[in-house]
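Note that numbering that gives the first Met the number 0 numbers the sequence shown so that position 39 is 38, with each residue one more than the last. What follows is a single structure, written as structure tokens, with notes after it.
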Amino acid sequence: MNDNNDVNFDDISKRDELPPPIEEKWIVAFIQPNTLKKIYYRQFYAPGFYEAYDMVMTFMEKTNNKILWYKEKRKCGLYFSKKVIPYLEFVCTFCNNKFNNIEPIKCNFEGNNICTSEFCSLQCKQEHFYYMHIKKIKQFK
Ligand SMILES: [Zn+2]
Ligand SMILES: [Zn+2]
């Protein structure tokens, strides 16, 4: 008989009133009508198949891309669990516009940490780069 274990089990069951909605990571593979050779991947969160279907359909309608397949990430195998996949919709770090029809342009500036900002255009990247990485450094000198 272990009293400590009993106490712990009680604590866990009382901890949250409602479990958080279970959102699963999905991957969608698609091609662009004008560059049929390249396959693009996006990942996104959806609680179920119908939600995932809705999101994929909306994305394809907006972008005119063609779906190849989509499924839960955990069913996609090791290759996809290790692959870095952009999210379905990005918000440009600089201009805050949502964009989803191109591969995001990454900053990747290596300061103390690698900058993970993503941009809708090279112009936004350059502006961000100047304000965040060049101007700031100048101020401290
Ligand atoms: Zn932008
Ligand atoms: Zn940056």
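No residue lacks a Cβ here, since even glycine has one placed at the ideal position from N, Cα and C.
Quick check: what's the CA-CA separation for residue i versus residue j?
| i | j | result |
| --- | --- | --- |
| residue 48 | residue 80 | 19 Å |
| residue 108 | residue 86 | 20 Å |
| residue 130 | residue 82 | 31 Å |
| residue 92 | residue 117 | 6 Å |
| residue 76 | residue 70 | 11 Å |
| residue 38 | residue 27 | 10 Å |
| residue 126 | residue 46 | 37 Å |
What first and last residue would you give for the beta strand (DSSP E) that runs through residue i?
| i | result |
| --- | --- |
| residue 55 | Unbroken run through residue 55 is the alpha helix (DSSP H), 48-62; no beta strand (DSSP E). |
Using the beta-carbon count (16 or more within 10 Å), is residue i buried or exposed?
| i | result |
| --- | --- |
| residue 68 | exposed |
| residue 4 | Note that residue 4 has pLDDT 48, beneath the 50 cutoff, so the model's placement of it is unreliable and no number is given. |
| residue 124 | buried |
Taking DSSP's pairing of strands, which residues face residue i in a bridge?
| i | result |
| --- | --- |
| residue 29 | 39, 66 |
| residue 44 | 24 |
At what residues does the alpha helix (DSSP H) containing residue i begin and finish?
| i | result |
| --- | --- |
| residue 108 | Note, residue 108: premise wrong, no alpha helix (DSSP H); not H, not E. |
| residue 124 | 121-127 |
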